[in-house]
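In the numbering used here, the protein residues as written are 655 to 903.
Yeah, the Cβ is synthetic: ideal placement off N, Cα and C, and Gly gets one too.
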Amino acid sequence: MRTPPVFAPPHSLPQLPGAALRVLTPADFPAWVRLRDEVLAGLAHPDMYVREADEAAFFAQHSLPRGHAIGVFLGAELVAYAMLGAPEPGEAGHLGAVAGLAPDAQARVAHLASCMVRAGWRGRQLQALLLKLRCALAQAYGRPLCLAMVSLHNAASCHNLLAHGMWIAWTGEIDGLQRHVLQIDLLGHARWDLGGSRLIAAGDFAQLRAAVADGYCGIADAVDGPRRMLRYARRLPDAAAPGHAAVPR
Ligand SMILES: CC(C)(COP(=O)(O)OP(=O)(O)OC[C@H]1O[C@@H](n2cnc3c(N)ncnc32)[C@H](O)[C@@H]1OP(=O)(O)O)[C@@H](O)C(=O)NCCC(=O)NCCS
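In structure tokens:
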């Protein structure tokens with residue numbers, strides 16, 4: 655069997671000395687299942703992550719050759735993983751369709767599909783690292799529109815996605831569950847009209863939906879005492895990338 659590629663030598667993960675990153679293969683499926691069983695059993699709220707109807711199909715859909723799954727290993731032990739999907743336009747579950755992207759844009763979408771860190775190894779920015787790696791892969795595959803779905807209850811994941819520069823582009827119900835779809839265009843440089851921004855309670859589904867319907871996107875989170883808030887702003891035209899200056903009108 656071909657040796658799976660190792661992304662980085664152990665010493666290059668300062669937040670977890672001794673850890674190594676590598677692509678998951680079908681041989682890793684049992685370890686992936688064990689990690690998910692453990693993490694799902696320990697969720698603070700059951701809505702934070704709902705198990706797939708067919709876990710084996712989900713693994714296959716988000717690992718080579720159809721997608722990419724990256725594992726963080728300490729020795730032989732899988733301590734975290736993250737997945738990237740490359741959905742085809744028209745495919746069931748395409749988040750670009752959910753978020754209302756045009757068909758040509760849907761062909762450039764990658765799904766930042768699932769990320770879990772075992773409880774004992776949280777707080778080391780592993781989701782942030784795995785986000786960066788998956789975005790780099792998505793761009794290399796010509797899919798710079800990265801989309802992720804997150805539960806309204808999942809404060810840590812939402813925080814990490816927003817901190818990565820993603821924004822809440824859509825909020826609504828998917829399969830009966832209240833979900834955000836976050837987006838980033840890796841070839842763009844999103845800018846926001848902060849002057850007219852709104853602060854909305856993170857659990858206020860009706861207000862969050864209304865903000866998106868009014869053309870606002872969720873761009874940051876903040877904690878106000880016991881309440882978690884989300885800041886919404888309207889998007890301005892992207893700044894011109896260096897070397898591709900927009901013609902002033
Ligand atoms: C979500 C998850 C992957 C994050 O793991 P992680 O990489 O260890 O995340 P960290 O603990 O390093 O980062 C947590 C960040 O969220 C913040 N955070 C944690 N709880 C938070 C809360 N209730 N409200 C706001 N922010 C919160 C932390 O302050 C930290 O932010 P900082 O880096 O700016 O300080 C992990 O918690 C997990 O596996 N959860 C269960 C599975 C899951 O929900 N996966 C995501 C959906 S696919």
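Check, Outcome
"Cα-Cα separation between H813 and D875, rounded to whole angstroms", "6 Å"
"Exposure of A734, with buried meaning 16 or more beta-carbon neighbours within 10 Å", "buried"
"L890 burial status per 10 Å Cβ neighbour count (16 or more: buried)", "exposed"
"S805 - containing alpha helix (DSSP H), residue span", "Per DSSP, S805 belongs to no alpha helix (DSSP H); it is in the beta strand (DSSP E), L799 to S805."
"Segment contact, 8 Å Cβ cut-off, at least three pairs: the stretch 827-836 with the stretch 776-795", "no"
"For A887, three-class secondary structure by DSSP", "strand"
"Helix, strand or coil at D907 according to DSSP, with G and I counted as helix", "Look at the range of the chain in this structure, 655 to 903, and you will see that residue 907 is not part of it."
"Exposure label - H898; buried when at least 16 CB within 10 Å", "With a pLDDT of only 49 at H898, under the threshold of 50, the placement of this residue in the model should not be trusted; the figure read from the coordinates follows. Classification for H898: exposed."
"Cα-Cα separation, F683 to D847", "45 Å"
"First and last residue of the uninterrupted beta strand (DSSP E) at G750", "Per DSSP, G750 belongs to no beta strand (DSSP E); it is in the alpha helix (DSSP H), L749 to V752."
"Within the stretch 723-750, ranges of the beta strand (DSSP E) (whole runs, at least 3 residues)", "731-739"
"CA-to-CA distance, A730 to I873, given in whole angstroms", "38 Å"
"Short Cβ contact (8 Å threshold) for A698 with G721", "no"
"Assigned exposure category for P902 - 16 Cβ within 10 Å defines buried", "At P902, the pLDDT of 33 sits below 50, so the modelled position is not reliable; the number obtained from the coordinates is stated separately. Label assigned to P902: exposed."
"R903, DSSP secondary structure in three states", "Below a pLDDT of 50, predicted positions are generally treated as unreliable, and R903, at 26, falls in that range; no measurement from the model is reported."
"Alpha carbon of E742 to alpha carbon of L862, nearest angstrom", "28 Å"
"Alpha helix (DSSP H) segment containing L783, residue limits", "L780 to A794"
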